[in-house]
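Student: In my numbering, the protein residues as written are -16 to 150. Heads up, the beta-carbon is just placed ideally off N, CA and C, and yes, glycines get one too. What you are looking at is a predicted structure, and each value in this text was computed from that prediction instead of being measured. If you scroll down you'll find the structure; I have some questions about it.
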């Protein structure tokens, strides 16, 4: 099996974990998301995308940390670590896409207001979609597009529900 095919298989398993994650308790959800992002780290390593791989590994650590704490100081720590991580493996301007995507998603993860969380998640997802296209990963691109669509749908459903409540 070629590294590319293996990477797509791993991304497919990650996709299944992502989809199933939100059907469990918060702790199990975060554990599944940590496993999913860890697998994506391997996926990007196989595609020779060190910035994406390193940032996904950091995201896995962030999810595990979030099981125990959601303190705002941790948000700033993970934002700084994302920048340092990307600088450490920097290969060129293309690495800005996973970095900016990670910064938005990290910031989103520590938002208390659901609408703000979804908006920053959508912004981050957009950068990851571009990254996945540039990385030539069809499975990761489809996975991120599905995640982005789901987040947008939940954002508009939430807005509509809030509008009905205010009437």
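1) Which same chain residues end up closer than 8 Å to residue -6 when comparing Cβ atoms and leaving out the 5 residues on each side of it in sequence?
2) Quick check: residue 62 and residue 86, are their CB atoms within less than 9 Å of each other?
3) Taking buried to mean at least 16 other C-beta atoms within 10 Å of its own C-beta, is residue -1 buried or exposed?
4) For residue 114, count the other beta carbons within 10 Å of its own beta carbon; 16 or more makes it buried, fewer makes it exposed. Which is it?
5) My output table needs one value for residue 139: the three-state DSSP class, helix, strand or coil.
6) So, is residue 32 buried or exposed, given that buried needs 16 or more other C-beta atoms within 10 angstroms?
7) So for residue -16, helix, strand or coil by DSSP?
8) Let me make sure I understand the geometry here. Which of 54, 136, 139 and 129 has the alpha-carbon closest to that of residue 3?
9) Taking just the CA atoms, how far does residue 13 sit from residue -11?
10) Counting beta carbon pairs with one atom in the segment 95 to 112 and one in the segment 68 to 86, are three or more of them shorter than 8 Å?
11) Which residues in the same chain as residue 90 place their Cβ atom closer than 6 Å to its Cβ, once the five residues preceding and following it in sequence are excluded?
12) Among residues of its own chain, excluding the 5 on either side of residue 28, which ones have a beta-carbon nearer than 7 Å to its beta-carbon?
13) Note down the Cα distance separating residue 92 from residue -16, rounded to an integer number of angstroms.
14) Within a Cβ cutoff of 7 Å, which residues of the same chain sit near residue 55, ignoring the five residues on either side of it in sequence?
15) Please work out which residues of its chain come closer than 6 Å, Cβ to Cβ, to residue 45, disregarding the five sequence neighbours upstream and downstream, and give them in chain order.
Tutor: Per the coordinate set shown:
1) In the chain shown, counting from the first residue as 1, residue -6 sits at position 11. Here the set comprises 22, 23, 26, 120, 122, 123 and 126.
2) Here residue 62 is taken as the residue at index 79 of the chain shown, counted from 1. Here residue 86 is taken as the residue at index 103 of the chain shown, counted from 1. Yes, the pair counts as a contact, with Cβ atoms nearer than the cut-off.
3) Within the chain shown, residue -1 is the residue found at index 16, counting from 1. Under this definition residue -1 is an exposed residue.
4) Taking the chain shown and counting its residues from 1, one reaches residue 114 at position 131. With 16 or more other Cβ atoms within 10 Å, it is buried.
5) As a working note, residue 139 is residue 156 in the chain shown. Here residue 139 sits in helix by DSSP.
6) To locate residue 32, count along the chain shown from 1; it is residue 49. Counting the other Cβ atoms within 10 Å of the Cβ of residue 32 gives 16 or more, which makes it buried.
7) Numbered from 1 along the chain shown, position 1 holds the residue referred to as residue -16. Coil, per DSSP.
8) By one-based count along the chain shown, residue 3 stands at place 20. For the residues 54, 136, 139 and 129, the minimum Cα distance to residue 3 belongs to 129.
9) By 1-based counting over the chain shown, the position of residue -11 is 6. By 1-based counting over the chain shown, the position of residue 13 is 30. Computed Cα separation, rounded: 25 Å.
10) With a cut-off of 8 Å, the segment 95 to 112 and the segment 68 to 86 count as touching, because enough Cβ pairs lie within range.
11) Counted from its first residue, the chain shown places residue 90 at position 107. Only 103 meet the Cβ criterion.
12) Against the chain shown, residue 28 aligns to sequence position 45. The answer, listed in chain order, is 36.
13) What you label residue 92 is simply residue 109 of the chain shown in a count that begins at 1. What you label residue -16 is simply residue 1 of the chain shown in a count that begins at 1. The straight-line gap from Cα to Cα measures roughly 36 Å.
14) By one-based count along the chain shown, residue 55 stands at place 72. Taken in chain order, the residues that qualify are 93.
15) Mapped onto the chain shown, residue 45 falls at position 62. Closer than 6 Å at Cβ, skipping near neighbours: 61.
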